[in-house]
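Written out below as structure tokens is the structure these notes cover.
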Amino acid sequence: MAITNGYCNQNQLKAFIGIPTSDSVDNDLLDDAVNAASRQIDAFCGRIFYAQTNATARKFFTNHPYRLLVDDISTDTGLVVKLDDDDDGTYEVTVASTEFQLLPINGVVGGILVSPFYVVELFSGGSQEWPLDFSSNRPRAEVTAKWGFPSVPEPIRQATLMLASELFAMRNAPLGVAGVGDFGVVNIQQNREITRLIAPFRKGTVIGVV
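Quick note: the sequence shown uses the working numbering, first residue 1, plus one each step.
Put into structure tokens, the structure is as follows:
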């Protein structure tokens, strides 16, 4: 199976494990390990660390007149911001790019240098505000964007290598037992270093519908 939106490539994993790049015996298993590790990291962090190729529309609930919390946006290319101003389920108002800014402004959050945008903030002196009429339960904002991270952060790549190597080793680890070493049974356990690497990237749930 080929790697799809993986956070490391096959040769990087081979180098990490110590397999010659010319050895193709376990290529499919290595690809599976990278795919599984990448998706496990996505699930733990509640976000994806690759940039989607095509822009797609997602709907969001509004709870602030100026700030709208959205899913990760990798780039402002192809970005379209709309709102439903009369609560009819149609997003008839397209917000001009001069009416809002994307946050974080400098792409830095908590010392993390590779950050996506995840707030669409309307300018307080502009002509638009996010609708706050809660008479219905309709989402009042629609954002079309290329979702995800602009590039894979280095800690995520390293965590993927570590987790993928453990998953690959599990093929020889029935019931989680990797073998018997000089000090007895060797078990494959949760790697705390992986958690330390990816924990700063964990995100709370954002309500959004594709």
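Glycine included, every Cβ here is placed at the ideal spot set by N, Cα and C.
From this set, the options, which residue's C-alpha is nearest residue i's C-alpha?
i, options, result
"Ser38", "Arg171, Glu121, Leu13", "Leu13"
"Ala33", "Asn11, Gly46, Phe49, Ser124", "Asn11"
"Thr62", "Arg140, Thr53, Pro153", "Arg140"
"Tyr7", "Glu154, Pro200, Phe201, Arg202", "Glu154"
"Ser74", "Gly89, Leu68, Thr94, Pro104", "Pro104"
"Gln52", "Met162, Thr195, Pro150, Asp26", "Pro150"
Quick one: what's got a C-beta closer than 6 Å to residue i's C-beta in the same chain, skipping five residues either side?
i, result
"Phe183", "Reliability of the predicted coordinates at Phe183 is poor, the pLDDT of 43 falling under 50, and no value is obtained from them."
"Asp42", "Ile48"
Rounding to the nearest angstrom, what Cα-Cα distance links residue i and residue j in this structure?
i, j, result
"Glu99", "Val81", "10 Å"
"Val143", "Arg157", "29 Å"
"Gln198", "Val114", "A small fix is needed here, since residue 198 is Ile in this sequence, not Gln. Looking at the two C-alpha atoms, the distance is approximately 13 Å."
"Val210", "Ile17", "At Val210 the pLDDT is 36, less than 50, meaning the model places this residue with poor confidence and gives no usable figure here."
"Val120", "Ala164", "35 Å"
"Val70", "Lys203", "12 Å"
"Thr21", "Ala15", "7 Å"
"Gly110", "Phe201", "10 Å"
"Phe137", "Gly89", "Residue identity check: residue 137 is Asn in the sequence provided, not Phe. When rounded, the distance between both Cα atoms is 10 Å."
Please list, in chain order, all residues of the same chain as residue i whose beta carbon is under 7 Å from its beta carbon, the five residues on each side excluded.
i, result
"Asp133", "Asp87"
"Ala2", "Asp31"
"Thr4", "Asn35"
If I measure Cβ to Cβ from residue i and keep anything under 8 Å in the same chain, skipping five residues before and after, which residues do I get?
i, result
"Glu129", "Pro65, Tyr66, Leu122"
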